[in-house]
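The structure appears right after this line, and notes come after that.
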Amino acid sequence: MGIRIIKLPDVGEGVAEAELVEWHVAVGQSVLEDQILAAVMTDKATVEIPSPVAGTVVALAGEVGSTVAVGSELVRLEVPGEGDQEVAAAPREAKSPAAAPVPLAASPPQRMPSPAPERRAEPRPAPVLRATVGPPRPPGEKPLASPAVRRRALEAGVDLRQVRGNGPAGLITHDDLDAFLRGGVQPGPVRGRVANTHVDSIKVVGLRRRIAQRMAESKRRAAHFAYVEEVDVTELEELRAKLNGDKRADQPRLTLMPFLMQAVVRAVADFPEMNALYDDEADVIERYGGVHIGVATQTDAGLMVPVVRHCEALSLWEMAAEVQRLAQAAREGHANRNELSGSTITITSLGALGGIVSTPVINRPEVAIIGVNKEVVRPVWNERAFVPRTMMNLSSSFDHRVIDGYNAARFIQRIKGLIEAPATLFLEP
Amino acid sequence: MAEIAAKVLVVGGGPGGYVTAIRAGQLGLDVLLAEQGGRDGGLGGTCLNVGCIPSKALIHAAEAFHHATEQAQSAPLGITVDKPRIDFPRTIEWKDGVVGRLTGGVGTLLKRHGVKILQGHAEMLDGKSCRVETDTGPQIVRAEHVVLATGSVAMALPGLPFGGKVISSTEALSLAAVPERLAVVGAGYIGLELGIAYAKLGAKVTVIEAETRILPAYDADLVRPVARRLQALGVESLTGARAAGLSDDGKSLLVDQEGAERRTIVADKVLVATGRRARLEGFGLERLDLNLSSDRFVQIDEHCATSMRNVWAVGDLTGEPMLAHRAMAQGVVVAEQIAGHRRVFEGNVIPAVCFTDPEIVTVGLSPEQARKAGREVLTAQFPFQANGRALTLRADEGFVRMTARADNHLVLGIAAVGPGVSELSAAFGLALEMGARLEDIAGTIHAHPTLGEAFHEASLRALGEALHI
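So the sequences go chain by chain: D and A.
Here the first sequence stands for residues -9 to 419, numbered as in the numbering used here.
Here the second sequence stands for residues 18 to 486, numbered as in the numbering used here.
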């Protein structure tokens, strides 16, 4: 068996580095020739990197969100035979190998395939930028530093724009760089309460940056309007408890989500305009036959929306299993591109944190998003007496450019009706 | 056909190429350097063979001769000499000796650092392989990294192809005799350095420049002392003028000047020094996927990387400023990157020196450039007329000029024109690289009596504290 190193190829003219947005493979996994290994994002496009050979993944270079220089190692494969020339003639380890960059600093790309394999095991520096003390540099000012300081910073992967200078004219001294590399100045002993003037600058990159762009774009383009209605879920909760109590060991525990999905599947049959994508540049609305429900999921990296495809063809149990599988994949960061795109309508739920009202942001180019608020037992007047009922609000947003308020209200009322009489969820139309 | 494998192949043995190779050798890389030699090359490239070094030798000899002539004519120092004569072939021989010592030194340095030298014309077959025509037959070199350092060549003018009496700087450095009448087309630094040297050697020199003044790349204040010196040396400067070609009898240069009739300038030699272009032909570079700029230089990024993976380029073929010290700095950056270090080429502080009489040196921004960049600037000059050392050298033309930010006195640019100011470039460059403020230079004790005191005083003057003016 040999080792074959797959390097990040040229992904576009003038592109020196790319952001790793997705791993399609994991260590230990065997891959076939042309199987997609990873997706990287440049300023211009997201590019998928296929494997040139079949083999078994033995190492991945970096985590999703890190920046990979063109020409540097991406994936290490164990392949049958001798491995390849690149490894046989592996670059000699540099006398003082360049330190791993602080990934979020805009560090210049390292073009050379120099990292020795053992470097992979090193923990990456914390991705939080530290601000040292000293006057902040006015906007547009370039950092000022002597050649020796500049070189040390480059080798340490530090972008000097992040480092404050305490020298004359804002010169960044060796001491300033040392303080930055130590992670800021250690506070001395403190008596009493003191003002905390500390500021952490956290660069917005990767998933967070994409979330920011998408959210702002959605808010900018779609004419959001919210509609909130309360739903009595007492009976649904009784049904859910019963099903969970009786379920087979191999069946997943049912949360509220698959029931809501089932309600959406039923409701969009009557309101096809809700299960649609609005291409506002081409002025075309595409109504979908299949119901592909995005399920907003919180991950450590931030919000992701894995997609359960063709819910109209799935049973309640299948939907539950699929939601569970996708949420886990998203949280563990190995959801693939296909699993994270292609939704036609989205449900967002914060569960017990759901609050009483929310105003969800539409997952553009979709036209509707259904937000789920927390369940709460409240006294409800049933014409004779106050009775305890489990109530829950649905807070939904619609794109008013293409959805009228009247229809949105009727759509939510339809969902409400389905949920409040759960048997109707499962009546074949 | 023999095949050699190497980690690094350097194409071209000029300052960019040989420094890349030496540094790569120092870093333990397996390096091969291909140098084709020839009329305007060999190890050391244009710089050592037909550029910086031989021109400085000629300028020195011309100055020595001129100095002697001056003593013979007016004995300003009370020294009387008979009318000096020059044995120009011996001057050229001496110059060749200097060049020989240096190019030999380059060869020794390369060998000492384990660089394999392939003498012969190199032609790239693709981004990783190259065919070198050596004396012992063709060799194929396969390298992981290719560093292109093919340099530049003098540009010919459409109406004045090189040949016969129309010469480039290369031929001007090896003439058999001092021409009686020399016409210099192009009053950039190359044309003026050689024009002034030949004027001092006794030639009647006429300089023809298309722009409205000589040394158009430098600002007018810096050029003025040079223009005065040209006049004193009897050099005629025609500005706003274009060389149209040779007269029918081949004896004269035809010059069109704006608003004037065509002039005929009798010349024994016509030196065309209107610029240099990248040397791109004949190396198989067309087989590589190189991005070229609109003026046909190889485009590189801050790492000196070309558009092709593991193909790097350093020096003149990457464009202006075409200076040996820039090429050398780029070469170090490339070699260290190939060895796995993180490097970028920072070209903000590249001193430029014009070895005219007097010399001009500039580092960083001119006052005008700084203002254009939106800065409020302090600027101050200190004249060599007020500098003791300059007076003892009988060379009181010129000044040192500081350009600094008005708000925090950070030095943005330093320039000087005057005798031997090229040597001040070291202090100027260091001040800028270290981020000096005017106060830093003002607070540095400068030796007396030296020309460097003008640097000190100019900084003081910018702060309103000049002592000797």
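All C-beta atoms in this analysis are idealised placements derived from N, C-alpha and C, irrespective of residue type, glycine included.
The beta carbon of Val361 of chain A falls within 8 Å of a beta carbon belonging to chain D, placing the residue at that interface.
With contacts defined by Cβ atoms closer than 8 Å, Ser56 of chain D and Leu10 of chain D form a contacting pair. A Cβ-Cβ contact shorter than 8 Å links Val289 of chain A with Phe179 of chain A.
Interface criterion met: the Cβ of Gly61 of chain D is under 8 Å from a Cβ in chain A.
Inter-residue distance for Ser186 of chain A and Gly42 of chain A is about 33 Å (C-alpha atoms, whole angstroms). Against chain D, a Cβ distance below 9 Å from Asp143 of chain A picks out nothing, because the smallest value is about 15 Å. Minimum Cα-Cα distance from Lys268 of chain A among the listed residues A:Gly257, A:Lys286 and A:Ala258 corresponds to A:Lys286. Counting C-beta atoms within 10 angstroms of its own C-beta, Met381 of chain D has 16 or more neighbours from the protein chains shown and is therefore classed as buried. Secondary structure of Asp374 of chain A (DSSP, three-state): coil. Take His164 of chain D, set aside five residues on each side of it, and the residues of its chain with a beta-carbon closer than 8 Å to its own are Ala138, Val139 and Arg142, in chain order. By the Cβ rule, the region 403 to 423 of chain A counts as touching the region 462 to 476 of chain A, because three or more pairs are nearer than 8 Å. Classified as buried, Pro368 of chain A has 16 or more neighbouring CB atoms from the shown chains inside 10 Å of its CB.
For the set D:Val223, D:Arg379 and D:Ile26, the Cα lying nearest the Cα of Glu410 of chain D is the one of D:Val223. Ile359 of chain D and Asn383 of chain D have their alpha carbons spaced roughly 14 Å apart.
In terms of beta-carbon proximity, Pro158 of chain D lines the interface with chain A, with at least one pair separated by less than 8 Å. One Cα belongs to Arg200 of chain D, the other to Val37 of chain D, and the distance between them is close to 16 Å.
Cβ neighbours of Asn327 of chain A within its own chain (closer than 8 Å, five residues either side excluded): Gly144, Lys145, Glu161, His162 and Val163. With a cut-off of 8 Å on Cβ pairs, the region 330 to 339 of chain D is not in contact with the region 226 to 240 of chain D, counting fewer than three such pairs.
Counting only runs of 3+ residues, the beta strand (DSSP E) found wholly inside the region 225 to 298 of chain A occupies 253 to 256, 258 to 263, 269 to 274, 280 to 283, 286 to 289 and 293 to 295, in chain order.
In the three-state reduction of the DSSP assignment, Asn397 of chain D falls in the helix class, which pools H, G and I. Rounded to the nearest angstrom, the gap between the Cα atoms of Glu303 of chain A and Thr349 of chain D is 60 Å. If you look at Thr46 of chain D, you'll find it in the beta strand (DSSP E) that goes Gly45 to Leu50.
Judged by DSSP in its simplified three-state form, Gly430 of chain A adopts strand.
Asp266 of chain A counts as exposed, since fewer than 16 other C-beta atoms from the protein chains shown sit within 10 angstroms of its C-beta.
Taking the Cβ atoms as the reference, Leu427 of chain A lies roughly 7 Å from Gly452 of chain A, within the contact range of under 8 Å. Residues of the region 372 to 383 of chain A whose Cβ lies closer than 8 Å to any Cβ of chain D: none. For Glu131 of chain D, there are no neighbours in chain A by C-beta distance under 7 Å, as the nearest C-beta there is about 10 Å away. If the five residues before and after Ala261 of chain A are omitted, its C-beta is found closer than 6 Å to the C-beta atoms of Gly176, Leu271 and Asp273, all from its own chain and listed in chain order. The C-beta of Gly364 of chain A comes no closer than 8 Å to any C-beta of chain D. Against chain D, the beta carbon of Arg392 of chain A has no neighbour under 7 Å; the closest one sits roughly 11 Å away. Membership of His84 of chain A in the alpha helix (DSSP H) is indicated by the continuous run Cys69 to Ser91.
Chain order gives the chain A residues near Ser136 of chain D as Glu450, Met451 and Gly452, where near means a beta carbon separation below 7 Å. For Glu38 of chain D, the nearest beta carbon of chain A is not closer than 8 Å to its own beta carbon.
By the beta-carbon neighbour count (other beta carbons within 10 angstroms, threshold 16), Trp371 of chain D is exposed.
If you look at Arg313 of chain A, you'll find it isn't in any beta strand (DSSP E); DSSP assigns it neither H nor E. For His130 of chain A, none of the residues of chain D pass the 8 Å Cβ criterion, the least Cβ distance being about 15 Å.
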